[in-house]
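In UniProt numbering, the protein residues as written are 1 to 112.
Okay, structure first, notes after.
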Amino acid sequence: MEEIYSWQINARLVVLCGCHSGTGEIRAEGVMGLTRAFLAAGARSVLATLWQISDEATLYFMKRFYRHLVSGRTASASLQQTIRDTIADKDKYSHPYYWGAFILVGDDVTLT
Numbered sequence: 001m002e003e004i005y006s007w008q009i010n011a012r013l014v015v016l017c018g019c020h021s022g023t024g025e026i027r028a029e030g031v032m033g034l035t036r037a038f039l040a041a042g043a044r045s046v047l048a049t050l051w052q053i054s055d056e057a058t059l060y061f062m063k064r065f066y067r068h069l070v071s072g073r074t075a076s077a078s079l080q081q082t083i084r085d086t087i088a089d090k091d092k093y094s095h096p097y098y099w100g101a102f103i104l105v106g107d108d109v110t111l112t
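Structure (structure tokens):
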């Protein structure tokens, strides 16, 4: 993770779909994690997960998130609408365990 701090990233949005990507270690200087590392390296916004969810559930969620994002919505609006869609679908992923893992940290960006 320390290597990421030395990078110079010019990205509006970094998406981390790995297990526990938004969590970090508690140290004297505060919470350190992949999310903070990417923000420090220059990313304007990071979408991460707070706990591990299945690959199948992640794929289900991310397909919907990207559909909203490429339509011109902001990252926060895309995340919010994806959560609403997922709840409304009333299938196995409508439980908060699946959609509640995703967090957006940083600026509210668009792709354009």
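Ideal placement from N, C-alpha and C gives every residue a C-beta, glycine not left out.
Tell me which same chain residues have a C-beta within less than 7 Å of the C-beta of residue i, skipping the five on either side of it?
i: MET1; result: LEU34, ALA37
i: ASP85; result: ARG64
i: MET62; result: CYS17
i: SER54; result: none
i: GLU3; result: none
i: TYR60; result: TYR93
i: HIS95; result: none
i: THR74; result: ASP108, VAL109, THR110
i: SER76; result: LEU104, ASP108
Looking at residue j and residue i, is the spacing between their C-beta atoms short of 8 Å?
i: SER45; j: GLY100; result: no
i: VAL109; j: LEU50; result: no
i: LEU79; j: PHE102; result: yes
i: ALA57; j: TYR93; result: yes
Consult DSSP for residue i and reduce its assignment to one of helix, strand or coil.
i: SER71; result: coil
i: ILE9; result: coil
i: ALA101; result: coil
i: THR35; result: helix
i: SER54; result: coil
i: LEU16; result: coil
i: ALA48; result: strand
i: ILE26; result: Confidence in ILE26 is poor, its pLDDT being 44 and thus under 50, which makes the residue's placement unreliable; the coordinate value appears in the next sentence. ILE26 falls in the strand class under three-state DSSP.
Within the same chain, show all residues whose beta-carbon is closer than 6 Å to that of residue i, passing over the 5 residues directly before and after it, in chain order.
i: GLU29; result: Annotation note: pLDDT 39 at GLU29 (below 50); position unreliable, coordinate value reported separately. Cβ neighbours of GLU29 beyond the five flanking positions: none.
i: LEU47; result: VAL15, LEU104
i: ALA40; result: TYR5
i: GLN8; result: GLY42
So, is the C-beta of residue i closer than 8 Å to a C-beta in chain B?
i: LEU104; result: The chain inventory of the structure shown lacks chain B, comprising one protein chain alone.
If you drop the 5 nearest sequence neighbours on each side, which residues of the same chain put their C-beta closer than 8 Å to that of residue i?
i: ASN10; result: GLY42
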